[in-house]
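A.B. asks: I'd like to ask some things about the structure below.
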Amino acid sequence: MKLVLAIIKPFKLEEVKEALSEVGIEGMTVTEVKGFGRQKGHTEIYRGSEYTVDFLPKVKIEIAVHDEVVSQAAEAIARSAKTGKIGDGKVFVLPLEEAIRIRTDERGDTAL
Amino acid sequence: MTKLLTKLPGPLLFALIAAMMAGLTPALAQEEAGPVDDYLELVESVGAEYAPAFDFFTVSMLWTVIAAALVFLMHLGFATLEAGLTQSKNTVNILFKNVWIISIGLISYAVVGFNTHYPGDFNGWVSIGSMIGDLNADGGGTWGYGGLGLAMTGYGDFIFQAMFAATAATIVSGAVAERVKLSSFMIYSTILVAFGYTIAGSWHWGGGWLSQLGGGEAGFYDFAGSTVVHGFGGAAALAAVMILGPRKGKYSDDGTVKPILGHSMPLAAVGVFLLFFGWFGFNGGSVLSANPGPLGLVFTTTALAAAAGGIAAIMTSWAVLKKPDLSMALNGLLAGLVSITAGADSVSVVSSIIMGAVGGVIVVFAIIFFDKIKIDDPVGAISVHGVCGIWGTVAVAIFGGANLMSQIIGVIGVYVFAFVFSFAVFGIIKAIMGVRVSEEEETEGLDISEHGQEAYNTSS
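Going line by line, the protein sequences match chains E and R.
At position 5 of the first sequence the residue is numbered 5 (this note's numbering), and the sequence of numbers has no breaks.
In this note's numbering, each residue's number is its place in the second sequence (first place is 1) plus 1000.
This is the structure:
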């Protein structure tokens, strides 16, 4: 089992969700986050004073997947979230030790 | 009885009511003359030949109480504007202070304010009044109370002026936001409204020394209070802010200003539009009657000055700051309104546009200026009310025929008094109990530290 964690641009969320659905992945957890990498922030002005905004809004997607579909999931995300401009984000794959379905108490692969 | 009625099914209830109406109709037909008789009786009691005058008085009184309600609505405008331009962790505190101000403002005006503001015959400087009695007594309930320029009953006069009184303290609440100690502010605002505002106001509207300048011939002219309301509030706010100090982290030693963003531009915009709306009552009601000529003029000059202020602030901030700033545009509307408040009934349409426009330009530079000298005013209250109040008052001498010297004397007199009064009261309170929350409390937010509750509950 693996945890696929991706940081993407917020407006790409719908596309990524559909791309994942096409490879058979239906569940995910989404968080609104802020961050930056090489994408620089911008300057704003409020009542006469300037300030820089470094942190840009992003969306974090987390999906727990079986080993067999990890690369397909990661590809799907990377493909659908790409715009070609700086700030597209990243996809990470983390090992997942245990998973429990709370309702039925299933464990391991069947919990996903 | 009500419970019994609600238990009846719809059609049955309808039939019951229809039957009752049918039963009543003959009775109604007989009493149709009733209300008309009542009116005729009322008019005859003042003198039937005065019926047209009585009608004018009645309409004027009606307009006055409506205007009072419009001015009341400005408190909602202040509350939302202040909330919008400050951080969400302090929203409960801002709203709470606004609830306090309107409440203590009205009560104190009844208990001591009204008779201090309008002491009748007095030495021209100060006369602390007592609680209002039955203002309908001794002819106060009819046109015997005032003349064409005061066509209202005693209670009408009271309630209209009472709504004005609290606006002086609410100007200060915006300037001291996000770091003032709640209990200290509650005490300070009470004293400011009950005595500071009323004493200063008595100098002019109460017939005091300002209205007697030049032997009464060159009296100070302040139609609806650019100086005695807005200027008073702005000057008092400046003194309070100087004692209070800026918000933590706002100004750094090297001179840079760190913007502390307001958390809701929609709330701020709603607030300004409500204030604009209420100002029709503020200036319109200051005609003190339904006299059609002045009333139409005042509504027109007020609206045009506001519009001119908005446009001027937009252009100015766009040019100076490279981007059109919404909060500056909103402040511009208010600047135009404050600028016309002293002369709304005595200047031409073109003059009102110029006066409002100049106010709009001034306010942008004033806001930037105060930040430069490290006077932290989260909502721009000192700039809008204090600075534009000066302009609005002096402008009446330029455009409306008031005596320039008298206007200047009035501005200096009221502003200095407001500043010193505020400085003294706030300073004494600071010495006794402090006026500022601790650094941790300020960082955590006043909602949690002073009130133990949040404005925006994210978990429910």
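Note that CB positions come from ideal geometry on N, CA and C, so glycine has one too.
(1) Determine the contact status of G1360 (chain R) and G1310 (chain R), defining contact as a CB-CB distance below 8 angstroms.
(2) Using beta carbons (cut-off 8 angstroms, strictly below), is M1433 (chain R) in contact with chain E?
(3) For V1435 (chain R), which residues from the same chain have a beta carbon less than 7 angstroms from its beta carbon, with the 5 sequence-adjacent residues on both sides left out?
(4) Could you tell me which residues DSSP pairs with P95 (chain E) in its beta bridges?
(5) Closer than 8 angstroms, CB to CB, is L1321 (chain R) near chain E or not?
(6) How about G1233 (chain R) and I1159 (chain R): are their beta carbons less than 8 angstroms apart?
(7) Could you tell me how far apart the beta carbons of V16 (chain E) and I77 (chain E) are, in whole angstroms, since I believe they sit closer than 8 angstroms?
(8) Could you check the C-alpha separation between M1265 (chain R) and S1327 (chain R) for me, to the nearest Å?
(9) Do the CB positions of F1370 (chain R) and I1382 (chain R) come within less than 8 angstroms of each other?
(10) Does the region 1254-1271 of chain R come close enough to the region 1079-1095 of chain R to have 3 or more Cβ pairs within less than 8 angstroms?
(11) Please check if any C-beta of chain E sits within less than 8 angstroms of the C-beta of P1266 (chain R).
(12) Report yes if the CB atom of T104 (chain E) is closer than 8 angstroms to the CB atom of K60 (chain E), and no otherwise.
(13) Could you check what DSSP says for V30 (chain E) in three-state terms: helix, strand or coil?
(14) Taking only three categories from DSSP, how would you classify S49 (chain E)?
(15) Hey, is the region 1444-1457 of chain R in contact with the region 1208-1222 of chain R, meaning 3+ C-beta pairs nearer than 8 angstroms?
(16) If you measure from the beta carbon of D41 (chain E) to each beta carbon in chain R, is any gap under 8 angstroms?
(17) So P1294 (chain R) contacts chain A; which residues on that side make the cut at Cβ distance below 8 angstroms?
(18) With 16 other CB atoms within 10 Å as the buried threshold, where does K9 (chain E) fall?
(19) Find out if the Cβ-Cβ distance for the pair F1419 (chain R), L1238 (chain R) is shorter than 8 angstroms.
(20) With burial defined as no fewer than 16 other Cβ atoms inside 10 Å of the residue's Cβ, what is the status of E1041 (chain R): buried or exposed?
(21) Please report how far the alpha carbon of A1067 (chain R) lies from the alpha carbon of G1284 (chain R), in whole angstroms.
(22) Taking only heavy atoms of the ligand GTP into account, decide whether any of them is closer than 7 angstroms to the Cβ of A1051 (chain R).
(23) Going along the chain, which residues of the region 1319-1346 of chain R sit with their C-beta nearer than 9 angstroms to a C-beta in chain E?
(24) Assuming T1227 (chain R) and V1411 (chain R) make a contact with CB atoms under 8 angstroms, what is their CB distance in whole Å?
(25) Count the C-beta pairs between the region 1103-1123 of chain R and the region 1186-1198 of chain R that are closer than 8 angstroms, then say yes if the count reaches three, no if not.
(26) Name the chain E residues that come within less than 9 angstroms of P1259 (chain R), Cβ to Cβ?
(27) Does the beta carbon of I1171 (chain R) come closer than 8 angstroms to any beta carbon on chain E?
C.D. replies: Checking against the coordinates, here is how it stands:
(1) yes
(2) no
(3) V1180, K1181, S1184, I1243, L1244, F1426 and I1429
(4) Note: P95 (chain E) sits in a beta bridge opposite E:K2.
(5) yes
(6) no
(7) 6 angstroms
(8) 8 angstroms
(9) yes
(10) yes
(11) no
(12) no
(13) Looking at V30 (chain E) - three-state DSSP - the assignment turns out to be strand.
(14) strand
(15) Cβ pair count under 8 angstroms is below three, so no.
(16) The residue asked about is misnamed: residue 41 (chain E) is Gly in this sequence, not Asp. G41 (chain E) does not count as touching chain R.
(17) The question asks about chain A, but that chain is absent: this structure's protein chains are E and R.
(18) buried
(19) Yes. Within cutoff.
(20) exposed
(21) 7 angstroms
(22) With respect to the ligand GTP, the structure shown offers nothing to examine, as it has no ligands at all.
(23) V1320, L1321, K1322, K1323, D1325, S1327, M1328 and N1331
(24) Yes, they are in contact, since the Cβ atoms of T1227 (chain R) and V1411 (chain R) sit about 6 angstroms apart, within 8 angstroms.
(25) Because the criterion of three Cβ pairs below 8 angstroms is met, the region 1103-1123 of chain R and the region 1186-1198 of chain R touch.
(26) E44, I45, Y46, R47, G48, S49, E50 and Y51
(27) no
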